[in-house]
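If you're matching positions, the sequence shown starts at 1 in this note's numbering and goes up one per residue.
Note that beta-carbon positions come from the ideal geometry of N, C-alpha and C, so glycine has one too.
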Amino acid sequence: MSEMYVIKKEGMEEEKIQRALDMLLIDRKNEFRELSKMILPKTLSQPIKNWEQFVLKFCLDVSEAFKTWSGDMKLNPSSPQKALTILRQLSRDKTSMTQLSHLLNISYDLAEEFKVIYRRL
Numbered sequence: 001m002s003e004m005y006v007i008k009k010e011g012m013e014e015e016k017i018q019r020a021l022d023m024l025l026i027d028r029k030n031e032f033r034e035l036s037k038m039i040l041p042k043t044l045s046q047p048i049k050n051w052e053q054f055v056l057k058f059c060l061d062v063s064e065a066f067k068t069w070s071g072d073m074k075l076n077p078s079s080p081q082k083a084l085t086i087l088r089q090l091s092r093d094k095t096s097m098t099q100l101s102h103l104l105n106i107s108y109d110l111a112e113e114f115k116v117i118y119r120r121l
């Protein structure tokens, strides 16, 4: 199996991660593509292998950052940098907060759906 971009947390299994991602992609491939346009570098000569895993990792980062933003998790030293990076990646070429919040919602929803699928496997 190829290298996983998803950080293994709380004993997550690589094979189960891939199965959950595959299941999520059945219904949410368009959302993954929309996010990939914002977070993957456009200057690459070749596409990133396993780009879906990269996008999922980003979505999980958004979900984790939201816990900090909402006060459910304590601020850690990297929280401000992580938040700014997320916002800068998703805000590129956007003209309103509505557009940004749309992408944040997609990211958060994909992460939460992935977690549900993973738990059910």
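- Annotation: the continuous alpha helix (DSSP H) that includes Glu-31 extends over 14–39.
- The count of Cβ pairs closer than 8 Å, one atom from the region 46–66 and one from the region 30–38, reaches three, so the stretches are in contact.
- Going by beta carbons, Leu-40 and Leu-110 fall outside the 8 Å limit.
- Following the DSSP letters along the chain, one finds Lys-82 inside the alpha helix (DSSP H) bounded by residues 79–91.
- DSSP places Ser-63 within a helical segment (H, G or I) once states are collapsed to three.
- Under the three-state reduction of DSSP, Met-73 is assigned to coil, being neither helix nor strand.
- In this structure, the beta-carbon distance from Leu-100 to Lys-94 falls below 8 Å.
- Contact check for Glu-14 against Ser-63 fails: the beta carbons are separated by 8 Å or more.
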